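Q: This structure is in structure tokens; I'll ask about it shortly.
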């Protein structure tokens, strides 16, 4: 699926080195911002296009997760010229932690993708933006972490905004009673989104346990996504979903284009986000990420027309304000202490959220 407090490892790509020598630091920063922004927009558009065109395909969530994870392995390996494979876990005790972590990453990504069959895509974006709430709860219980009043206020605004956006959020692909405020399909979709952000909350806390064992952030991302890719492929093979995806791609080639766009967009955004944090600060990165989410919702209504209620506008403003306050609180905490963040992409999403100090706010 960012490195707040976790310095991304040096990229060994010759093209990256060449750019670093020919462009000024300020220009490089702008390049990373543009690449991240466009890559994530491309990722989100491709993902909604796939969800919109193939809403009845049961295997879509697994396929999306597989492409996201696999490309988040391939790109770092290409940039490192395969050197990162030397540190790949080889024994069962070494692999098991990554198996567990990849299951949560799969839950965060797969469940949210599945939810789009029942709720609108902007609803998914809004709910994923509210993952601060369960993340705070898990960190409090698991690690005894304490939060400031500003962070609690941000969590409250995010919660209120997500609740408001759930009103009339049913996806007409699966809701026969979409005209009602809360249809059965929409309720199920929201339940999937809540389960997804709970998985999102567990991921950074579990990642921190592995990071504390001396594993580099980049290596953690590669190992988790590599193990996750193999696990998802095995699952799809055993359930027959792999054959369903292959058959659908053969009949409708645009599906493979959408899935490839999802993978390339996310992996490129993860790389650019990591570089952006390295070149500037987490505040700039999170600000760009926040604007990206606003642009994603805006484009979603333009490219894929859907009802926009007045309550959605107010709810969206609450979520935006909550995200801003969360970023301010996070920067204050980072100034005093630099903890490891969620670095896996993820995928989840939404993911470059997984390569930064906050997995996430890509």
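Residue numbers (the working numbering): 2 to 363.
By construction, the Cβ of each residue, glycine as well, lies at the ideal position given by its N, Cα and C atoms.
All values derive from a computational prediction rather than experimental measurement.
1) Quick one: is residue 238 buried, meaning 16 or more other Cβ sit within 10 Å of its Cβ, or exposed?
2) For residue 125, count neighbouring Cβ atoms within 10 angstroms of its own Cβ and tell me buried if that reaches 16, exposed if not.
3) With 16 as the cutoff for other CB atoms within 10 Å, does residue 248 come out buried or exposed?
4) Straight-line CA distance for residue 216 to residue 210?
5) If you compare alpha carbons, which of 141, 160, 98 and 191 is closest to residue 1?
6) Can the beta-carbon of residue 289 be found less than 8 Å from the beta-carbon of residue 34?
7) To the nearest angstrom, how far is the alpha carbon of residue 292 from that of residue 93?
8) How many angstroms separate the CA atom of residue 88 from the CA atom of residue 97?
9) Hey, residue 122 and residue 190 are a contact pair by Cβ (cut 8 Å); roughly how many whole angstroms apart?
10) My understanding is that residue 278 touches residue 60, with C-beta atoms under 8 Å, so please give their C-beta distance in whole angstroms.
11) Using the C-alpha atoms, what's the distance from residue 333 back to residue 324?
12) Comparing C-alpha positions only, which one of 194, 236, 75 and 220 sits nearest to residue 261?
13) What residue range is occupied by the uninterrupted alpha helix (DSSP H) comprising residue 43?
14) Per the contact definition of three or more C-beta pairs closer than 8 Å, is the segment 298-313 in contact with the segment 137-155?
15) Taking only the alpha-carbon atoms, compute the straight-line gap between residue 235 and residue 310 and give it to the nearest angstrom.
16) Report the CB separation of residue 135 from residue 188 in whole angstroms; it is logged as a contact under 8 Å.
17) Compare the beta carbon distance of residue 112 and residue 196 with 8 Å and say whether it is the shorter of the two.
18) Let me make sure I understand the geometry here. Which of 29, 24, 27 and 45 has the alpha-carbon closest to that of residue 296?
19) Can you give the beta carbon distance from residue 273 to residue 37, rounded, assuming they're within the 8 Å contact cut?
20) Residues in its own chain within less than 6 Å of residue 62 by CB, not counting five upstream and five downstream?
21) For the candidate residues 256, 103 and 218, whose alpha-carbon lies nearest to that of residue 53?
22) If distances are taken between C-alpha atoms only, which option among 276, 271 and 263 comes closest to residue 43?
23) Would you decide whether residue 146 is buried or exposed? Buried here means 16 or more other CB atoms lie within 10 Å of its CB.
24) For the ligand HEM, any of its heavy atoms closer than 7 Å to the Cβ of residue 227?
25) Which residues bound the alpha helix (DSSP H) around residue 196?
26) Is the beta carbon of residue 267 sitting closer than 8 Å to the one on residue 73?
27) Apart from the five residues just before and just after residue 163, which ones in its own chain have a Cβ nearer than 6 Å to its Cβ?
28) Quick check on residue 178: does DSSP put it in helix, strand or coil?
29) First and last residue of the alpha helix (DSSP H) that includes residue 84?
30) Tell me the rounded alpha-carbon separation between residue 254 and residue 56.
31) Is residue 254 helix, strand or coil by DSSP?
32) Leaving out the 5 sequence neighbours to the left and right, which residues in its chain are closer than 6 Å to residue 180 when beta-carbon positions are compared?
33) Pop quiz: residue 327 and residue 155 are said to be a contact at Cβ under 8 Å. What is the actual Cβ separation, rounded to whole angstroms?
A: This is what the structure holds:
1) Around the beta carbon of residue 238, fewer than 16 other beta carbons lie within 10 angstroms, which makes this residue exposed.
2) With at least 16 other beta carbons inside 10 angstroms of its own, residue 125 counts as buried.
3) When all chains shown are included, residue 248 counts as exposed.
4) Their backbone Cα atoms lie some 10 Å apart in a straight line.
5) The requested residue 1 does not occur in the structure, where the chain is confined to residues 2 to 363.
6) Against a cut-off of 8 Å, the Cβ pair of residue 34 and residue 289 comes out as a contact.
7) Roughly 42 Å between the two C-alpha positions.
8) Residue 88 and residue 97 have their alpha carbons spaced roughly 15 Å apart.
9) Actually they do not touch by this definition, with Cβ atoms about 11 Å apart.
10) Taking C-beta atoms under 8 Å as the contact rule, residue 278 and residue 60 fail to qualify, at a distance of about 35 Å.
11) Answer to the nearest angstrom: the Cα atoms are 14 Å apart.
12) Looking at 194, 236, 75 and 220, the one whose alpha-carbon comes closest to that of residue 261 is 75.
13) That run of the alpha helix (DSSP H) goes 26-54.
14) No: fewer than three Cβ pairs fall under 8 Å.
15) Approximately 42 Å between the Cα atoms of the pair.
16) Rounded, the Cβ-Cβ distance is 19 Å, inconsistent with contact.
17) Closer than 8 Å, so yes.
18) Measuring from the Cα of residue 296, the nearest candidate turns out to be 45.
19) Right, the Cβ-Cβ distance comes to about 4 Å (below 8 Å), so this counts as a contact.
20) The answer, listed in chain order, is 111, 114 and 115.
21) Restricting attention to 256, 103 and 218, the CA atom closest to the CA of residue 53 is found in 256.
22) Of the candidates 276, 271 and 263, the one whose C-alpha sits nearest the C-alpha of residue 43 is 263.
23) By the neighbour-count rule (16 or more Cβ atoms within 10 Å), residue 146 is not buried but exposed.
24) Inclusion of the ligand HEM in the displayed structure is not the case, the ligand content being empty and no account of it being possible.
25) It spans 185-212 - the alpha helix (DSSP H) in which residue 196 sits, taken as one unbroken run.
26) A Cβ-Cβ contact shorter than 8 Å links residue 267 with residue 73.
27) The beta carbon of residue 163 sits closer than 6 Å to those of 127, 128 and 131, all from its chain and outside the five residues before and after it, given in chain order.
28) Unreliable placement is indicated for residue 178, whose pLDDT of 47 sits below 50; the coordinate value is still reported in the next sentence. Residue 178 sits in coil when the DSSP states are folded into three classes, being neither helix nor strand.
29) Following the DSSP letters along the chain, one finds residue 84 in no alpha helix (DSSP H), marked with neither H nor E.
30) If you draw a straight line from the Cα of residue 254 to the Cα of residue 56, it comes to about 16 Å.
31) Note: residue 254 maps to coil in three-state DSSP.
32) Any reading at residue 180 must be qualified, since the residue scores a pLDDT of 47, below 50, and its modelled position is unreliable; no value is offered.
33) Rounded, the Cβ-Cβ distance is 4 Å, consistent with contact.
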